[in-house]
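Scroll down for the structure; my scribbles are underneath it.
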Amino acid sequence: MPLTLPPLDPNGQVLPHDHEGIGSDDGVIRRISEQQIVQDKSGNRRISSMAFKASGGDNSGMSVDLESLIVEAGKDPRLYVTTPRWTGSVRFTAGKLRAAKFLVGYDPSPENPCHGEVWGAFGRLQQRQLRNLATWFVEIPGVAIVAE
Amino acid sequence: MEVWRPSVGIERLRALTGANVASHSAFSSCVVSAPVVPWHKAVTDRLEQLLKLSKGWDGYDGVAVRFENATFAIKVLELVFPGHGPIPQIVPGATGDLQIEWHMDQADIEIHVLGPYRVQAWRATAATGRDGEEVRLTNDFAIVARWINEMLEPRRAAHTTAA
Amino acid sequence: MMPISTIRSDDLPDFENPPLNEVVVGVQFAPPQAYQLIRAGEVWRLFASEFPHVEEHPPIMPAFELFGGPPGPPISLGINVQGALHNRLWFLSPDRDQIIQFQPDRLLHNWRKSLSPSNEYPRFESMIARFEKELTTLEQYFMSLSGERLLCNQCEISYINHIPMTGGDLPNRAGAWLRFLNFGEPEPDDLSGVIRRVVRSESGAPVGRLNCEFVMDTRSLGGLVLTLSIRGAPAGADIATAIDFLKRGRQLLCVEFAAVTTDMAHKIWGRVR
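Protein chains in written order, with numbering that gives the first Met the number 0: chain B, 0 to 147; chain H, 0 to 162; chain L, 0 to 272.
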């Protein structure tokens, strides 16, 4: 079922919101670039905290792809999130994000009609929660999600 | 009305300089010199790579690191990071920002440059616990210099002992 | 913080004939996202009626005043990164004694005496009012592109003085002009140096750096060049706060100029306050 359009501010930017059309069990996918991989103290590769922060723009949240919209559009989610540029990705469920006090919203763009946004506090505790909630969706080989 | 004061008065200045006026490099916002410590090249190479990231590098709307943010990050490193030490890792943000990171046995330190004079610095050690301590900084980075010094201290001690 | 009046304070040192040769006020800001090199001509047109001549010069790298540790060796970051900075453009007045310098992250205004020895320094009060208008004009142009206001992150004010030391009865010892120099015999043939000091607010927080640079070369320069500058981040990102920084900086530079130069020099320059 298509999602209703999100609320906008006077400049046309999507306001932070929690979209009721995104179900608790719906997948929320966060793309992870090779640029966001660092080495920990043991020399093992893991995802940098930068990948689990808000983007810093106006009404800033963390960009995601909404899995249910991708499936409804008849596309393969793993192919969708590795196009037009291959990146890794991790997956959350919307309900668990909400339980961690994040908002899960809808923020479509012409380039990505399945684009969503996760809003909330992105302090250290919340970043650790995000890592613990995430599982690889498109794995970057040899890279851990959680620090040792 | 608030009054500004230089930190050293003219009499003290005279006592300090006397007849021993040293030649300093000319003051300029364009001081350029060849890198003299090992991590300089690695940092500039990485930053130049991040300045050239194409739009959408993160799979979304991510843009290249902004030039003024890269330059600001370099100025911070010049100030807080001594000549020899582990090469910092640098991670781009989605809106032109960047983060400088060290992950060592003694500490994890992350310096997130959101823009010139807009920095969030974080450190975790055995004493702070894994959620660490975070500070917001503008132009004074004394606390980061101290964190880095403390992070490097055991390495220096081990090096001295070995010698 | 109360803004500083543009009326010259009665507290500031004043001279009838100071050796002032150039004054520069400048603001650095985040380059607006919508600005591109192709628009440089449009920026010039904002000022062309009063600044009809144009020159190109190499860009100035972004500058920041930071505190909290001893500065290490400077690192070079290549500026041959596509789109990083285009050349610095000079827009010159008909007599070429006033210059607006523009690059995507900076606007500066220079007054200089050397090309027209008879021209009088327009005084800081009118210069800063004019510069504020120029900044506002530029901001309005950027806003017309994308709605972005100027986000100022560094301010700079410099007073450059040329002190002749040859000819007539002028003393040719550096120590006769600068209070903090005290060479024995023989006096050096030439010398140069820069002294940097942190400027602090009343609360003790660092707000910028005061630089005192001096170069003496009686053969090629005919004397001493003394440059006093203050650089630092304004308390806020808007134009008004940047202008406030420049006004406060100028007050300190006036006091410093009187403090670093000798009583004999003051007499020659006609100190009136």
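C-beta: ideal position from N, C-alpha, C; glycine also.
Nearest-angstrom beta carbon gap, residue j and residue i [assumed within contact, 8 Å]
i               : j               : result
L252 of chain L : Y158 of chain L : 5 Å
L288 of chain L : V193 of chain L : There is no way to answer for residue 288 of chain L, as the model of chain L reaches only from 0 to 272.
F136 of chain B : S88 of chain B  : 4 Å
R122 of chain H : A106 of chain H : 6 Å
L134 of chain L : V22 of chain L  : Incorrect: roughly 16 Å between the Cβ atoms, too far for contact.
A173 of chain L : M142 of chain L : Contact flag wrong, Cβ pair sits at about 49 Å.
V36 of chain H  : P87 of chain H  : Not really, about 12 Å apart at Cβ, beyond 8 Å.
D39 of chain B  : H102 of chain H : 5 Å
D106 of chain B : G94 of chain B  : About 19 Å separates the two Cβ atoms, so there is no contact after all.
E66 of chain B  : G26 of chain B  : 3 Å
I110 of chain H : R45 of chain H  : So it is not a contact: roughly 14 Å between Cβ atoms.
Cα-Cα separation between residue i and residue j, rounded to whole angstroms
i               : j               : result
L151 of chain H : L49 of chain H  : 27 Å
D17 of chain B  : Q35 of chain B  : 27 Å
P12 of chain L  : G84 of chain H  : 49 Å
M0 of chain B   : I28 of chain B  : 19 Å
P140 of chain B : P153 of chain H : 33 Å
L14 of chain B  : L106 of chain L : 35 Å
V31 of chain H  : R270 of chain L : At V31 of chain H, the pLDDT of 39 sits below 50, so the modelled position is not reliable; the number obtained from the coordinates is stated separately. Taking the straight line from one Cα to the other gives about 40 Å.
R77 of chain B  : P83 of chain B  : 12 Å
T261 of chain L : G203 of chain L : 29 Å
G119 of chain B : A72 of chain H  : 27 Å
P18 of chain L  : R272 of chain L : 16 Å
F213 of chain L : Q98 of chain H  : 39 Å
G92 of chain H  : M49 of chain B  : 7 Å
E67 of chain H  : N148 of chain H : 26 Å
I37 of chain L  : E110 of chain B : 27 Å
L132 of chain B : F51 of chain B  : 11 Å
N171 of chain L : N109 of chain L : 29 Å
S59 of chain B  : G11 of chain B  : 14 Å
C113 of chain B : R44 of chain L  : 44 Å
G221 of chain L : T165 of chain L : 6 Å
S28 of chain H  : Q100 of chain L : Any reading at S28 of chain H is ruled out, since the residue's pLDDT is 31, under 50, leaving its predicted position unreliable.
G58 of chain H  : V80 of chain B  : 8 Å
R195 of chain L : V79 of chain H  : 19 Å
W176 of chain L : A264 of chain L : 6 Å
R30 of chain B  : H39 of chain H  : 31 Å
D24 of chain B  : R130 of chain B : 18 Å
Contacting residues, own chain, Cβ-Cβ under 6 Å from residue i (five flanking each side not counted)
i               : result
R65 of chain H  : G95
L257 of chain L : The residue you asked about is not Leu; residue 257 of chain L is Ala in the sequence shown. Within the same chain, A257 of chain L has close Cβ partners P12.
I156 of chain L : V24, I229, L245, G248 and R249
G231 of chain L : E64, V206 and G207
E255 of chain L : L227
K54 of chain H  : V62
W163 of chain H : No statement about residue 163 of chain H is possible, as the shown extent of chain H runs from 0 to 162 and does not include it.
Neighbour-count burial assignment, residue i, 16 or more Cβ in a 10 Å radius
i               : result
L68 of chain B  : buried
E119 of chain L : exposed
A125 of chain H : exposed
I144 of chain B : buried
D75 of chain B  : exposed
R122 of chain L : exposed
G61 of chain H  : buried
R129 of chain H : exposed
V134 of chain H : exposed
Q145 of chain L : In the sequence as presented, Gln is not what sits at residue 145 of chain L; that position holds Ser. Burial call: exposed.
M61 of chain B  : buried
E54 of chain L  : exposed
T70 of chain H  : buried
A72 of chain B  : exposed
Same chain only: Cβ atoms within 7 Å of residue i, ignoring 5 sequence neighbours per side
i               : result
E138 of chain L : R148, L149 and I238
N16 of chain L  : W268 and G269
L169 of chain L : P163
T3 of chain B   : G20
W3 of chain H   : none
Own chain partners of residue i with C-beta closer than 8 Å, once the 5 adjacent residues on each side are dropped
i               : result
E138 of chain B : G87
I127 of chain L : T5, V24, I242, L245, K246 and R249
Q102 of chain L : P58, I59, L84, H85, N86, R87 and L88
A335 of chain L : Summary: the structure shown does not reach residue 335 of chain L, with chain L confined to residues 0 through 272, and so no result is reported for it.
Beta-carbon neighbours of residue i, restricted to chain A and to distances below 8 Å
i               : result
D139 of chain H : Going by chain labels, chain A is absent from the structure shown, which instead holds the protein chains B, H and L.
Heavy atom of the ligand HEM within 7 Å of residue i beta-carbon
i               : result
D168 of chain L : Here there are no bound small molecules, and the ligand HEM is not part of this structure.
ask   = In chain order, which beta strand (DSSP E) runs of at least 3 residues are fully inside the region 127 to 177 of chain L?
value = 151 to 163
request  = Mind listing, in chain order, the continuous beta strand (DSSP E) runs of no fewer than 3 residues lying wholly within the region 121 to 155 of chain H?
outcome  = 132 to 136
Any beta strand (DSSP E) of 3 or more consecutive residues that is wholly inside the region 200 to 247 of chain L = 205 to 216 and 222 to 231
request  = Enumerate, from N- to C-terminal direction, the unbroken alpha helix (DSSP H) stretches of 4 or more residues contained entirely within the region 20 to 99 of chain B.
outcome  = 66 to 71, 76 to 79 and 93 to 98
ask   = Considering only residues of the region 15 to 82 of chain L, which uninterrupted alpha helix (DSSP H) runs meet the minimum length of 4 residues and lie entirely inside it, listed in chain order?
value = 39 to 46
request  = Please go through the region 58 to 99 of chain H and give each complete alpha helix (DSSP H) segment of 4 or more residues, from N-terminal end onward.
outcome  = 66 to 79
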